[in-house]
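Enquirer: Every position in the sequence shown, counted from 1, becomes a number in our numbering once 550 is added. Glycine is no exception: its CB is placed at the ideal position from the N, C-alpha and C atoms.
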Amino acid sequence: MSEYYIDNLAAETKKGLRETALRAEHTGGFPPFGYDIVNKKYVVNEFEAVFVRKMFDAARDRKGFTKLIEEMAAAGVRGKRGKPIKYPQIYEILRNEKYTGLYAYSPTEAENRADRRTKPDAIKIENALPVIISKAQFMEVQKIMDERNQTGRKANYMCSGLVYCRCGAKMHGMTSKRKGHEYPYFYCSKKCGAPVVRMEEVDDAAIRYLKDLLSDENQKAISDALRQYQAGEGSRMTEFKQVLKQRIQGKQKQYDALMKNLSSGVLPDEVVADVGQQMKEIKAEIAVLEATEPPKDFTVDTIKAWLESIKAAPDRDAVRLLIERIDVGEDEEKEKTVFNIQSTLKTVLGIHGCGGAHHCFPEILFKYYYISLHHRA
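In structure tokens:
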């Protein structure tokens, strides 16, 4: 009996997880933002759910998320991994069908959530979870997001979503055709009467801004801030890895002790079944710990090379990472279009006489670099 449990433990673990999924219970890892796990069941975290609904409302109303991100930061809202919620996390939340009550699980690995749900062995149970977002609103938001993705790929507007009219409204991209030629431009979404702006003008202004932002003088300030940050990063990374290693080793010792008891062959059958269940649970806990990501760490030289590549050839991804907003206005004589460009990078670094590097700047820059890798993959 003991040998049977040892030889078939892997299969039993998968079977146990599948049975857990069929009961719409949590199978491990972090629950989605907006939910907590109580006795393996999903329950709504009412505080977090308020912000989930605000995200879906903003997406449905085609509003930006900047103010909501600031509101969450001010309220101390953090994701399940303890980090502030920004655009990448909001995108994942808006694509997660669990908020409509759908329970989805697949034992087969896949790179993204959609692929996991469409696999043949996927388990999908409607109305199995407490609902935070109605199915109708979820589908409406998916349609809007899909339309934006298709528009972005087709037109490839470098600065779309970042440009604001002098009246404060967003400016949308449009391409007109005349005599076989295309003329892309931005127009006020509120049609306040402001003149359209040629897209080429906006793109040129954004590229000039990035090259100025990444000047030799500013890159030296960036490098100094990174070195100061990394002076303490080594100890933080070492401590993180040690704690994680100790936790995994502790769980592994528990697992090995139970395996030894099974191998002895002297346990009663009723005890063997209980020990096998304990081993499956510990194995699942080890898998969660091993999947825990350490903080992203990159060398100063790596970041400098990345910034130099952006400076040499700024592209759409660089613009959307490093530029937060572009306000279109006029000069004092009202004869020339001017652009007031804002960058989170510039704000936190404090360059151009703004008072020196902010303490959180290096972590933000590391995040930008990580996002750029994610988008290139």
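Where does R870 land, buried or exposed, given buried means 16+ other C-beta within 10 angstroms?
Expert: Buried, by the Cβ-count rule.
Enquirer: Any contact of the stretch 675–692 with the stretch 641–650, i.e. 3+ C-beta pairs under 8 angstroms?
Expert: These segments touch.
Enquirer: Assign N811 to one of three DSSP states: helix, strand, or coil.
Expert: Three-state result, N811: helix.
Enquirer: Looking at the secondary structure, which residues open and close the beta strand (DSSP E) in which M721 lies?
Expert: Element bounds for M721: M721 to R728.
Enquirer: Measure the CB-CB distance between F583 and V600 and report whether it falls below 9 angstroms.
Expert: Going by C-beta atoms, F583 is not nearer than 9 angstroms to V600.
Enquirer: Helix, strand or coil for A654? Go by DSSP, reduced to three states.
Expert: Here A654 sits in strand by DSSP.
Enquirer: In whole angstroms, what is the alpha-carbon distance linking M759 and Q828?
Expert: It is Tyr, not Met, that sits at residue 759 in the sequence shown. If you take the alpha carbons of Y759 and Q828, they lie about 59 angstroms apart.
Enquirer: For I683, which of helix, strand or coil comes out of DSSP?
Expert: Residue state, collapsed to three classes: coil.
Enquirer: Alpha carbon to alpha carbon, how far is E831 from C709? Give it in angstroms, no decimals.
Expert: Going by the C-alpha atoms only, they are around 49 angstroms apart.
Enquirer: Assuming the contact rule is C-beta atoms closer than 8 angstroms, A609 and M695 should be a hit. Round their C-beta distance to whole Å, please.
Expert: Indeed they touch by this definition, with Cβ atoms about 7 angstroms apart.
Enquirer: Which same chain residues end up closer than 8 angstroms to R628 when comparing Cβ atoms and leaving out the 5 residues on each side of it in sequence?
Expert: Taken in chain order, the residues that qualify are P634 and I635.
Enquirer: How many whole angstroms separate the CB atoms of L764 and I860, which I take to be in contact at a CB cut-off of 8 angstroms?
Expert: The pair is a contact, with the Cβ atoms about 6 angstroms apart (cut-off 8 angstroms).
Enquirer: Can you grab the Cα-Cα spacing for the pair A807 / Q799, in whole Å?
Expert: Cα to Cα, A807 sits roughly 12 angstroms from Q799.
Enquirer: Report the rounded CA-to-CA distance for V681 versus L618, giving the unit in angstroms.
Expert: Those two C-alpha atoms are separated by around 22 angstroms.
Enquirer: What first and last residue would you give for the beta strand (DSSP E) that runs through P734?
Expert: Run containing P734: H731 to C738, per the beta strand (DSSP E) assignment.
Enquirer: Output the distance between the C-alpha atoms of V593 and A678, rounded to the nearest integer angstrom.
Expert: Approximately 11 angstroms, taken between the alpha carbons.
Enquirer: Check for me: the alpha helix (DSSP H) holding D851 runs from which residue to which?
Expert: V850 to A862 is the span of the alpha helix (DSSP H), which, as asked, contains D851.
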